[in-house]
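Please read the structure below before turning to the comments.
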Amino acid sequence: MVQDNIVLKTMEKSYILLGSNMGERISILAEARIMIEARCGRIDKMSSLYESEPWGFDAEQNFINQAICVETDLSAHELLRELLSIEIELGRDRSRHYETYVSRPIDLDVIYYGDMINDDEDVILPHPRLQLRRFVLEPLCEIASDFVHPVLKKTNIELRDVCPDTSDVSLYKGK
Numbered sequence: 029m030v031q032d033n034i035v036l037k038t039m040e041k042s043y044i045l046l047g048s049n050m051g052e053r054i055s056i057l058a059e060a061r062i063m064i065e066a067r068c069g070r071i072d073k074m075s076s077l078y079e080s081e082p083w084g085f086d087a088e089q090n091f092i093n094q095a096i097c098v099e100t101d102l103s104a105h106e107l108l109r110e111l112l113s114i115e116i117e118l119g120r121d122r123s124r125h126y127e128t129y130v131s132r133p134i135d136l137d138v139i140y141y142g143d144m145i146n147d148d149e150d151v152i153l154p155h156p157r158l159q160l161r162r163f164v165l166e167p168l169c170e171i172a173s174d175f176v177h178p179v180l181k182k183t184n185i186e187l188r189d190v191c192p193d194t195s196d197v198s199l200y201k202g203k
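By the working numbering, the letter at position 152 of the sequence shown is numbered 180, and the numbering carries on one by one without gaps.
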């Protein structure tokens, strides 16, 4: 009797931050979630929407941010490539974003990929500045408050409580 070789891909929980401060922010985030679920994996958890002032630059419109947890069988590199592709499809022009922060219709960042620590030219994990940004930590704490940062060895809630960022981040009330 011959058995088929079955390769089981392992699933990894990845935390992703979505953000938008251009155009129809809420509908762009909704479209991004649909595309992520179709191409990256099942959305396991989703934070509320948060409104925050732009970090590192001035803009006409505040950001709407949301953290999601995706169960994916993609590698960290494959996941990032897919998210970058989704950004482009939703109107993000990355060609002018390397020198300075600018407004954008969509921003998708891998915050954590399980407890992976990676630092190569393509993927840095965990996200290197997450502990410095309240707009990342507030929604992340809603869905993963006890998750331990694999490098800093502190939970997200501990990181939020000592975060030096004092910018305003609040639940989005809609307009």
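Note that beta-carbon positions come from the ideal geometry of N, C-alpha and C, so glycine has one too.
If the criterion is Cβ atoms closer than 9 Å, does the pair residue i and residue j meet it?
i	j	result
R132	M50	yes
L77	N93	yes
I64	E110	yes
S47	L118	The sequence shown places Gly at residue 47, not Ser. Result no, Cβ atoms of G47 and L118 do not sit closer than 9 Å.
D189	F163	no
I145	P154	yes
Please report the straight-line C-alpha distance between residue i and residue j, rounded to a whole angstrom.
i	j	result
W83	Y200	17 Å
I152	I54	28 Å
C97	D148	23 Å
C191	S173	14 Å
I44	D72	11 Å
K207	I139	With the chain covering 29 to 203 only, the question about residue 207 has no answer from this structure.
A104	R61	18 Å
C68	E52	23 Å
A58	D86	25 Å
E170	I116	28 Å
P167	E88	22 Å
In chain order, what residues of the same chain have a beta carbon less than 7 Å from the beta carbon of residue i, not counting five sequence neighbours either side?
i	result
D196	S80 and E81
I56	S48, L118, P133 and I134
S198	Y78 and E79
V202	Strictly speaking, residue 202 in this sequence is Gly, with Val absent from that position. Answer for G202: no residue qualifies.
Can you list, in chain order, the residues of its chain with a C-beta nearer than 8 Å to that of residue i? Leave out the 5 residues immediately preceding and following it.
i	result
G142	E40, K41 and S42
L187	L158, Q159, L165, H177 and L180
T38	D101
L108	V138, D150 and V151
I114	A60, M63, I64, R67, I134 and L136
R120	R132, P133, I134 and D135
Excluding the 5 residues flanking residue i on each side, which residues of the same chain have their C-beta closer than 6 Å to its C-beta?
i	result
M74	I96
R70	E99
F175	N184
Please go through the stretch 124-195 and give each complete alpha helix (DSSP H) segment of 4 or more residues, from N-terminal end onward. 162-172 and 184-189
Go through the stretch 67-126 residue by residue and report every complete run of the alpha helix (DSSP H) that reaches 4 residues or more, in order.
Taking 4 residues as the shortest admissible run, the stretch 67-126 contains the following complete alpha helix (DSSP H) segments, listed from N- to C-terminal end: 104-117.
Would you list, in sequence order, the uninterrupted alpha helix (DSSP H) runs of no fewer than 4 residues that lie entirely inside the stretch 42-70?
Listed in chain order, the complete alpha helix (DSSP H) runs (minimum 4 residues) inside the stretch 42-70 are 53-67.
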